[in-house]
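Note sheet for the following structure.
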Amino acid sequence: MATVNRDVKYLNRDFSDIRAKLIEFSKTYFPNTYNDFSPTSPGMMFMEQAAYVGDVMSFYLDNQLQETFTTLARQTNNLYELAYMFGYKPKATGAAQAVIELYQQVPSKLVGAEYIPDMDYALTIGDNSTITSAQNSTATFLMEDQCDFSKSSSLDPTEVSIYQVAGTDPQYYLLKKTRKAISANINTQTFTFGAHEQFPTIDITSNNIIGILDIVDSDGNTWYEVDYLAQEMVFDNIKNTNPNDPNNVVDDGEVPYLLQLKKVQRRFATRLTEENNLQIQFGAGNVNDVDETITPNPNNVGIGLPFEKNKLTTAYSPTNFLFTNTYGIAPSDTTLTVRYLTGGGVTSNVPSGDLATIDTTNIKFNTPNLNATTANYIFSSIAATNPDAADGGQAGDTTEEIRQNTISTIAAQQRTVTLDDYIVRAMSMPSEFGTVAKSYIEKPKLTDEQVSTIETLNLFTLSQNSSGQFITPTQTLKKNLRTYLSHYRVIGDNIEIKDAFIINIAIDFEIIVLPNFNNNEVILSCINSLKTYFARDNWQINQPILLRDLYVRLDKINGVQTVKDIKITNKAGTTSGYSQYAYDISSATQNQVIYPSLDPSIFEVKYPNSDIKGRVVPL
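Using the numbering used here, you'd call the opening residue of the sequence shown number 73 and step up by one each time.
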């Protein structure tokens with residue numbers, strides 16, 4: 073019997089279309105077998121049941137396909153899976169942030185003929201100290217960094233002012249420091265592990281989990297959090313002291329920590345479940361495994377299946393080298409102590425001045441054997457406040473927030489691809505490794521005879537001293553920045569970190585004042601306006617000075633009739649406290665625009681109180 077080719081239509085997916093095509097199919101291929109297509113016939117019952125099943129199956133197939141796309145998924149559990157697949161970690165809560173001002177008094181002491189603060193009475197507030205809200209007792213803010221009033225640097229300045237005088241002599245000084253704090257509480261939970269098993273998991277079931285603070289096992293080993301278990305390199309910081317690097321110029325005041333990339337075996341990854349529990353997963357290796365089974369070994373490249381070991385395509389499989397079979401060590405026969413943070417939420421957005429109660433159990437003097445009476449008075453003088461309201465506290469990610477944040481993560485992927493990516497990444501380096509105040513990147517200027525075989529990029533940077541003035545970065549800062557960028561740069565990019573040039577300038581202006589206005593008040597308003605204009609935060613490397621903007625700015629000052637003249641001159645010479653680089657301002661001025669040098673540079677009014685001058689001239 074010859075095979076009959078049936079014409080099957082695959083475009084019919086809803087109930088009515090499937091029903092209609094089943095009837096057509098029966099009439100076409102079974103005309104003599106069945107021809108009762110009335111609504112109450114048994115045949116129609118079976119055809120409608122088949123159409124019903126087809127419609128339901130089509131719906132579920134469409135729905136399942138839809139749930140595989142980040143932009144279309146509606147089920148929360150699927151969005152969580154997609155988010156983790158693309159590298160975004162949903163948040164159970166958002167922690168509020170606040171800037172805390174910390175104060176203490178110290179007595180004065182006479183050194184020679186001058187009174188100075190007696191820093192023997194300077195206090196140290198230990199790390200992870202807490203400050204409690206006055207209005208909301210459940211809102212506790214955590215200061216992760218230690219606060220030592222006796223140390224001052226550009227990164228962590230100590231402001232000193234006279235607090236109390238006896239006659240004309242200072243009796244007590246007031247020390248002030250600032251710290252960032254987040255609305256969080258430290259919680260501790262222990263987990264015991266027995267015999268070795270691969271990829272074990274533990275769950276933290278607390279509410280409003282912010283993240284993991286640290287994990288330490290019973291042998292004192294630290295476990296490091298990674299984005300995924302195959303990641304073996306993490307950033308590690310070590311104190312910037314002589315024993316760490318005898319050949320390094322120690323500048324721990326400006327760069328307190330050295331940044332290093334560290335290969336770790338003990339690592340874990342976290343993920344938030346749909347129930348807002350935090351799941352922690354470890355690797356599969358055993359502590360008895362040799363190191364090369366935990367981390368990639370170049371000797372393993374080329375080892376494939378026995379019958380394929382002579383095939384080049386298998387022998388050069390990057391899979392054998394880039395990834396391991398263990399994905400780190402799994403804890404066994406030990407107890408892990410997990411410290412994690414909880415808190416945040418909308419209620420943690422406390423108003424200004426609300427954070428005033430600091431926990432004193434973690435505060436101590438740096439110097440022993442102090443006068444007890446004075447020490448008790450100084451200890452009681454410790455105070456704290458938040459000048460601005462805390463912000464950033466919010467509920468956990470909504471479904472739509474997970475969707476949009478995942479899409480953003482897919483686009484960014486934490487890579488530095490464009491030139492702007494390098495600038496943003498440099499500015500985002502954690503401040504304990506040095507502060508990059510300004511950055512600018514460009515490709516090197518090559519002559520026609522030169523050919524660039526490697527994508528070399530020149531990153532020009534500047535830092536700031538304790539007074540906020542621009543300085544060239546220290547070698548330690550540049551070393552840390554190079555290490556930091558190496559983790560994000562694209563293969564083939566070669567980054568050269570260089571110093572930008574600082575061009576110090578002074579401004580002299582002449583104005584005509586309207587009648588009935590006080591000359592001194594108008595001049596002061598003009599000076600303050602120029603101070604704001606030339607504030608360092610407003611200037612970038614290679615930014616020109618638009619003289620026309622200065623004229624317009626001064627013209628708008630109340631009381632100014634006319635701006636007669638504005639002169640900008642270069643201030644140079646290290647003996648005078650300025651940059652060593654002289655610059656010909658007149659030659660660089662074209663069409664009322666003062667251009668920076670061809671070499672990346674920045675204009676700076678280093679001493680605005682003395683380098684911005686004005687005078688009133690007659691009409």
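A virtual CB, placed ideally from N, CA and C, is assigned to each residue, including glycine.
In this text the structure is predicted, and so the values were computed from the model without any measurement.
- Within the model, the alpha-carbon separation for Ile-567 versus Leu-531 is close to 7 Å.
- Relative to Met-119, the option among Ile-95, Ile-450, Arg-78 and Leu-427 whose CA is nearest is Ile-95.
- Proximity to Asn-208 across Ala-145, Thr-143, Pro-545 and Asn-421 peaks at Asn-421, based on C-alpha coordinates.
- One thing to note: Tyr-193 has its Cβ no nearer than 8 Å to the Cβ of Ile-575.
- The three-state reading of DSSP puts Val-171 in strand, counting E and B together.
- If you draw a 10 Å sphere on the C-beta of Asp-627, you find fewer than 16 other C-beta atoms in it, and that means exposed.
- Among the bridge pairs identified by DSSP, Val-665 is matched with Leu-618 and Gln-662.
- For Gln-612 and Glu-582, the gap between their C-alpha atoms comes out near 27 Å.
- For Thr-641 and Asp-683, the gap between their C-alpha atoms comes out near 10 Å.
- Residue pairing for Ile-575: DSSP places it in a beta bridge opposite Phe-675.
- In the DSSP assignment, Ala-253 is bridged to Ala-170.
- Between the stretch 649-668 and the stretch 551-559, the count of Cβ pairs shorter than 8 Å is below three; the stretches do not touch.
- The C-alpha of Gly-184 is placed about 18 Å away from the C-alpha of Val-237.
- At a cut-off of 3 residues, the continuous stretches assigned as beta strand (DSSP E) that sit fully inside the stretch 527-611 are 527-536, 565-571 and 573-585.
- Distance between Lys-335 and Leu-246, taken at the CA atoms: about 45 Å.
- Taken in chain order, the complete alpha helix (DSSP H) segments of 4 or more residues contained in the stretch 237-302 number zero; there are none.
- Inclusion of Gln-337 and Gly-417 in the CB contact set at 8 Å is not warranted, their separation being larger than that value.
- By the CB criterion at 8 Å, Ser-651 and Ile-629 fall outside the cutoff.
- Here Leu-491 carries a helix assignment [DSSP, helix/strand/coil].
- Classified as exposed, Val-80 has fewer than 16 neighbouring CB atoms from the shown chains inside 10 Å of its CB.
- The three-state reading of DSSP puts Asp-79 in coil, since its state is none of H, G, I, E or B.
- By the Cβ neighbour-count rule, Ser-226 is buried, with 16 or more other Cβ atoms within 10 Å of its own.
- The Cβ atoms of Phe-263 and Val-171 lie no closer than 8 Å to each other.
- Excluding five sequence positions before and after Tyr-655, the CB atoms of its chain that fall closer than 6 Å to its own CB belong to Ile-575 and Asn-642, given in chain order.
- In the three-state scheme derived from DSSP, where H, G and I count as helix and E and B as strand, Asp-426 is classed as coil.
- If you look at Met-116, you'll find it isn't in any beta strand (DSSP E); it sits in the alpha helix (DSSP H) that goes 114-138.
- CA-to-CA, the gap between Lys-550 and Met-499 works out to about 12 Å.
- Between Ser-480 and Ala-267, the alpha-carbon positions lie close to 41 Å from each other.
- Spatial neighbours of Leu-691 in its own chain (CB-CB distance under 6 Å, excluding positions within 5 residues in sequence) are listed in chain order as Ile-584.
- A distance below 8 Å separates the beta carbons of Gln-536 and Ala-509.
- In this chain, Tyr-329 is not harboured by any alpha helix (DSSP H); it is covered by the beta strand (DSSP E) spanning 329-335.
- Counting along the chain, no beta strand (DSSP E) covers Pro-680; the unbroken alpha helix (DSSP H) around it starts and ends at 680-683.
- If one requires a minimum length of 3 residues, the beta strand (DSSP E) runs lying completely within the stretch 141-190 are 169-183 and 186-189, in chain order.
- Looking at Gln-332, Pro-189, Val-677 and Tyr-329, the one whose alpha-carbon comes closest to that of Val-232 is Pro-189.
- Contact between the stretch 155-171 and the stretch 465-474 is present: 3 or more CB-CB pairs across the two stretches fall below 8 Å.
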